[in-house]
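One structure is given below, encoded as structure tokens.
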Amino acid sequence: NKEIQLVKRPEAAPTHEHIKMVETERPVPLQGEVLVKLLYVSVDPYMRGRMSAAKSYIAPFQLNEPMEGGIVGEVVESNADTLQEGDIVTGMLPWKEYASAPADTLRKIDPSLGPVTTSLGILGMPGLTAYFGLMDIGQPKEGETLVVSGAAGAVGSAVVQIGKISGCHVVGIAGSDEKLAYLKNELGVDEVINYKTESVPDRLEETCSNGIDIYFDNVGGDISDAVYPLLNKFARIAQCGAIASYNVPNDQGPRMQMHLIKSSALIKGFTVGDYQDRFTEGFSHLAQWLQEGRLKYEETITEGFENIPDAFFGLFEGANLGKQLVKVAEP
Ligand code: NDP
């Protein structure tokens with residue numbers, strides 16, 4: 002039974018020197034537990050934070066213990082009344098080919114809602130993050146200008162579409178022309194900016210001729226520095242992520258305070274867990290839009306348990322379009 006452990010905490014970008022693949026015994030499920038064969042593993046930018054020892058909203062990974070995250074798996078042995086062999090479930094499990102867990106920490110997936118992988122993407126944590134960050138903090142109104150950084154990723158690609166559904170003029174920022182083409186041609190984004198090849202301040206001026214009312218920020222760094230001067234009166238900023246800073250120790254930048262004062266803007270950081278009590282509401286909107294064809298999604302699926310680390314590292318290089326997953330086994 003292979004598992005992937007954290008063996009060293011990264012200072013900058015995570016690499017193979019920080020993790021190790023280890024062979025261990027297949028666990029035996031105790032009373033109330035099930036044994037799960039992992040089928041799909043989600044790799045997510047927030048896991049970078051858990052590799053560090055710093056205090057955060059979620060506990061650090063322990064050294065010489067497996068990393069963990071969202072998975073879809075098949076119950077192959079059950080010692081619980083609520084789940085049976087063959088059930089397809091989702092939850093948080095360690096990166097082990099086979100892992101055991103209390104049955105009540107897992108949720109059985111309803112396959113009629115979409116492919117099982119969507120429970121890790123558009124109908125899972127990233128989709129809910131997009132929904133609540135935009136609807137609750139962004140408060141989008143018809144005709145407003147919404148700028149989204151990290152626009153072609155799991156969260157961003159949902160945000161731009163919910164922005165369009167809400168009647169906004171949507172400007173998406175991403176790191177490749179292929180991603181820009183996807184945003185424009187497939188998702189109906191109004192304007193797109195390649196932050197690697199274009200001047201972001203110049204292009205924002207061009208594409209946001211009425212200023213910026215909402216900024217959904219997945220990235221932070223230089224891109225955000227270019228957004229602040231263009232904020233309109235009473236703009237809202239949903240601070241979702243800051244991936245540009247995750248691998249940069251002691252990252253510093255220009256000051257934003259004066260821009261916030263001048264625009265009377267509201268900036269609010271959040272984690273999707275803040276909205277736990279409202280997940281059913283978010284989920285039902287996402288599922289409905291998906292069914293109506295108003296919401297699309299893309300998944301980048303890497304194959305093989307041993308390739309989980311590379312898929313994770315790839316997030317920091319922009320290797321993924323939409324949600325990055327790893328397929329580790331067939332049901
Ligand atoms: P994505 O699918 O968006 O993958 C990460 C993307 O970030 C890459 O594809 C890359 O796209 C972009 N990126 C990587 N490095 C940089 C950089 N230095 N500067 C600019 N862009 C970069 O991941 P998610 O959708 O899962 O997450 C997006 C953000 O939202 C992350 O910051 C994450 O931490 C945060 N998040 C927050 C949650 C919350 O509860 N607050 C929940 C989920 C996610 P490109 O090619 O465009 O560079």
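Take any residue in the sequence shown, note its place counting from 1, add 1, and you have its number in UniProt numbering.
Backbone N, C-alpha and C fix where the C-beta goes; we use that ideal spot for every residue, glycine too.
With H, G and I counted as helix, E and B as strand and the rest as coil, what does DSSP make of Met93? strand
Which same chain residues end up closer than 6 Å to Ser79 when comparing Cβ atoms and leaving out the 5 residues on each side of it in sequence? Val35, Gln85, Glu86
Please identify the residue among Ala104, Pro95, Lys97 whose C-alpha is closest to the C-alpha of Ile89. Ala104
Give the single residue among Pro95, Ala159, Thr119 whose Cα lies nearest to the Cα of Gln6. Pro95
Could you name each continuous beta strand (DSSP E) segment of 3 residues or more that falls completely within the stretch 126 to 188, going from the start of the chain to the end? 146 to 150, 170 to 175
Taking the C-alpha atoms as reference points, what is the distance between Gly254 and His170? 28 Å
Thinking C-alpha only, which one of Ser43, Lys234, Lys9 is nearest Ile123? Ser43
Using alpha carbons as the reference points, say which of Gly154, Ala153, Leu135, Val156 lies closest to Leu147. Leu135
For Ile138, which residues of its own chain have a beta-carbon under 7 Å away from its beta-carbon, when the five flanking residues on both sides are left out? Arg237, Ala239, Lys269, Phe271
Quick one: what's got a C-beta closer than 6 Å to Ile72's C-beta in the same chain, skipping five residues either side? Leu39, Val42, Leu94
Is it the case that the CB of Phe217 approaches a heavy atom of the ligand NDP more closely than 7 Å? no
Check: Gly319 C-beta below 7 Å from any heavy atom of the ligand NDP: yes
Would you call the stretch 217 to 229 and the stretch 246 to 264 in contact, with 3 or more CB pairs under 8 Å? yes
Beta-carbon contacts of Ala131 that lie in its chain and below 7 Å, excluding the five residues immediately before and after: Val156, Ala159, Val160, Ile163
Closer than 7 Å: Phe280 CB and nearest the ligand NDP heavy atom: no
Contacting residues, own chain, Cβ-Cβ under 8 Å from Tyr247 (five flanking each side not counted): Pro46, Arg49, Gly50, Phe317
Extent of the continuous beta strand (DSSP E) to which Ile309 belongs: Careful: Ile309 lies outside any beta strand (DSSP E), inside the alpha helix (DSSP H) at 309 to 315.
Compute every distance between the C-beta of Lys324 and the non-hydrogen atoms of the ligand NDP, then say whether any falls below 7 Å. yes
Length of the line joining the Cα atoms of Tyr276 and Phe133: 7 Å
Cβ of Tyr47 versus every heavy atom of the ligand NDP: is any distance shorter than 7 Å? yes
Which residues mark the beginning and the end of the alpha helix (DSSP H) in which Asp223 is found? 222 to 228
Quick one, which of Lys97, Cys209, Leu287 has its alpha-carbon nearest Asn308's? Lys97
Residue(s) in a DSSP beta bridge with Ala104: In DSSP, Ala104 forms no bridge with anything.
Compute the beta-carbon to beta-carbon distance between Gly242 and Gly151, rounded to the nearest angstrom, for a pair I have assumed lies under 8 Å. 7 Å
Considering Arg237, what are the terminal residues of the beta strand (DSSP E) in which it resides? 232 to 240
Please tell me whether, using a cut-off of 7 Å, the distance from the CB of Ser177 to the nearest non-hydrogen atom of the ligand NDP is below it. yes
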